Every structure is written in structure tokens, then in C-alpha cells.
Amino acid sequence: MYTLKTDDAAQYAKPYCACWSDTKPMEGSPADLCDCGEDDDLIEWKWEPPVRETERWCQLSLDRSKITFHPIFSSGTAAARSDAPLLIDHHYYWEVKMLTRCYGTDIMVGVGTKKVSTTDTEFKFVSLLGQDGESYGLSYKGKVRHDGKFTPVPAGFCSGSIVGVRVDLWHGTLAFYINRKPQGVSFYNLRRHPELYAMLSSTAAQSSMRLIYAASWRASLLVDAAKVLAASWREGMELPPGLRKALNSQFWLGLPADVGSDDEDDDEIEPVKPMNADTSNLVTINNPLVDELFLRTLFSVYFQNREMILKSQQRRMKERIWMLDPPQ
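With our numbering, you'll find the sequence shown wraps up at 545, consecutive numbering, no jumps.
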């Protein structure tokens, strides 16, 4: 499989599936043929069209999901952001699939404010996201960056990897996922930014990635109930049809946020995986006509598991207090 040789922290980078394996090559380019991990077509936002000054080094597909940086050659660092902001008191999760080899100074996935310029680094090779206090990024080399400081994470990413970003703007946290495996909560206190945007940056010539999933959910008691239900759900369990489809669409609610979480129920809970199912009439939280049965069931689950939920909330609150005032 493709692995990175340029940085020790990135040596464990792997693609999401065997389509990118050297031992089982596909007939044709994996970038064009591989759709593994793309079971759901829920995408709530797109990449912002490049301004005239950046058209030379940033090209979008017609549906604005696939982006190619430096389509001919690279002379610096290119960047792109989402066409919609991330709002306070909402939960966000999105994924991008790497379609080309990761190499060079840096390829990064993360978030940033409008103050992050996408044009000032045209002739500079830099790790753009996280170089100041206005952005946060995950490098393909297996490091997260903010305010100019790098911190290692368990793994980097390479061609064929799926990079997930989870932003909780109720608690103000940011967590990254590689192939839907958590890399831990990387940053706190994101609520200090009035607006954030999903962002990408790359110094590598002809580097491409595709947005394959982007979902959100307004923070509420309903979300806490949904998290418990999603984390406890297993294939084969009998659930109301509307609720089953909603959990399939919002699979990220069941993904753990921490590496080696110390919850008492960790041995019993497995992350929810997307199911291959008809998603033409999914029930989503953004639909004002949410299935009443869906709401009733979630609240029922909440009251049946309220002690577990409260315990989890208390633990997370202690973690937030610790981060704000760590022991000396």
C-alpha cells in the first residue's frame, strides 16, 4: 500500500480500502473508479469558487466537490474554503478523500476564519493552516497545527485515505479522523471565533481531493440522545424505518472522539458504520418536517439512558475545565 517516506510521523498512513493497494491494482485509476466509503451523498455545502487571482492554481469540478490544486505546476501554497460558515451551537462533520499522492511541503485539512488569506502564499511553500491563531489544520505528515505550533497525532494520510473533520461548536472542540478512526480531540475553545470555515491547503502540484460527505446538526438534547442511540446501535437491531434511515445518514454521531476513550462502556460500544441502503428519502435534522416517530424514539432513548448521558457530559465538562486551568 502507499505509505509516506518523508516523515516518521506519517509512516503509518494508509488508504481507506484495497482499491489503492499495489498488490490488487484496479483496471484504471482508483481516483476515478473507487467509491468506497461514499455510501451516503449527504453534502450540505460545497467548496467556494476560486476568485480570479486564484483560478490558475485552484480548479473545481462542476459540482464543486472535487478540487485540484496547482493543475500544471506549483509555485507556492494554494488554499480553498467552504461556501458556508460553521455556526456556533452546531455540530459538523465532513470528509474528504485524497485522490492523488501526498508529498511536498504540506497538504492540510482543517478550519479557519475569513482572516486566513487564500492568495498571500502564491509564491511561498508553507504549512498554511495553523500558522497563526486564525486557523487549525491536520498535515498529511501526521501532525496538527495551530498558532504556529505542531503536535503529532497517531497517523498521517496518503492517496486513498479518507480524512474526517468533526467540529463541535457547542463545546468548542475539533477532532480529526483518518479512515474513520479517531485521532483524538486536537483543539478546544473554538467558540471564540464568530465564524469558521472548512479549509484545505496544498503545495503539491496536481494534488486532488474530493468532498464525499458533509453534515451538521444543531446542538440540543436531541443530539445527546442520538449519540447514545447511534453508539449503541448494531446491524440487525429492529428500529423504526425513519430512525434507521436517519442513523444511516448521520453515521458520524456514533464515531468516538477520543483515542482509547476511558468510558466504562467502551468494550461494549462499536462505531456505527454506514450501511448500503436507499438514501432517497432520508430524514435529516435540517428538514423541518422531521418524522414525529423519530423524535419520540430519540427522547425515549434519552430518558432510558439519561444517567449515562449526564455522566458523559460531566466528564467532558471536567476535561474542558482541565484544559482551561490545567494542574501545575
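Heads up, the beta-carbon is just placed ideally off N, CA and C, and yes, glycines get one too. Note that the structure is predicted; figures quoted are calculated from it, not measured.
Per-residue burial, residue i [other beta carbons within 10 Å of its own, 16 or more giving buried]
| i | result |
| --- | --- |
| Glu312 | buried |
| Ser546 | Residue coverage of the chain in this structure runs from 218 to 545, which leaves residue 546 outside it and unanswerable. |
| Val268 | exposed |
| Leu304 | exposed |
| Gly354 | buried |
| Thr336 | exposed |
| Ser291 | buried |
| Phe340 | exposed |
| Pro247 | buried |
| Leu250 | exposed |
| Asp441 | buried |
Cut-off 6 Å between Cβ atoms - residues of its own chain near residue i, not counting five sequence neighbours on either side
| i | result |
| --- | --- |
| Ala431 | Ile260, Glu261, Trp262, Trp311 |
Span of the alpha helix (DSSP H), counted from its first residue to its last, around residue i
| i | result |
| --- | --- |
| Pro211 | No answer is possible for residue 211: the residues shown for the chain start at 218 and end at 545. |
| Leu250 | 247 to 250 |
Delimiting residues of the beta strand (DSSP E) encompassing residue i
| i | result |
| --- | --- |
| Asp323 | Segment: none, Asp323 is in no beta strand (DSSP E) and carries neither H nor E. |
| Phe342 | Where Phe342 is concerned, there is no enclosing beta strand (DSSP E), given that its DSSP letter is neither H nor E. |
| Leu277 | 275 to 277 |
| Phe393 | 390 to 395 |
Same chain, Cβ closer than 8 Å to residue i, five either side skipped, listed in chain order
| i | result |
| --- | --- |
| Tyr229 | Thr220, Gly359, Pro371, Ala372, Gly373 |
| Asp280 | Lys263 |
| Glu509 | Its pLDDT being 47, under 50, Glu509 is placed unreliably in this model, and the coordinates cannot settle the point. |
Alpha-carbon to alpha-carbon, residue j and residue i
| i | j | result |
| --- | --- | --- |
| Leu386 | Ile429 | 22 Å |
| Lys283 | Lys331 | 21 Å |
| Pro288 | Ala415 | 21 Å |
| Arg408 | Ser344 | 23 Å |
| Ala301 | Leu391 | 18 Å |
| Val489 | Ala297 | Model confidence at Val489 stands at a pLDDT of 33, short of 50, so the residue's coordinates are unreliable; what they give is reported in the following sentence. Near 30 Å, if we compare the C-alpha coordinates of Ala297 and Val489. |
| Gln348 | Gly293 | 15 Å |
| Thr338 | Tyr320 | 18 Å |
| Pro369 | Thr322 | 16 Å |
| Glu272 | Leu438 | 44 Å |
| Cys234 | Asp364 | 34 Å |
| Ser418 | Leu346 | 7 Å |
| Tyr309 | Ser238 | 31 Å |
| Phe468 | Arg362 | 27 Å |
Sequence-distant residues of its chain with Cβ nearer than 7 Å to residue i (five each side left out)
| i | result |
| --- | --- |
| Asp306 | Leu386, Trp387, Arg435, Ala436 |
| Glu351 | Gly329, Thr330, Lys332, Val333 |
Given 8 Å as the limit, is there contact between the segment 389 to 403 and the segment 414 to 423, that is, 3 or more CB pairs closer than that?
Result no; under three Cβ-Cβ pairs closer than 8 Å.
When the Cβ atoms of the segment 381 to 399 are set against those of the segment 318 to 330, are three or more pairs found closer than 8 Å?
Per the Cβ contact rule, the segment 381 to 399 is in contact with the segment 318 to 330 (3 or more Cβ pairs under 8 Å).
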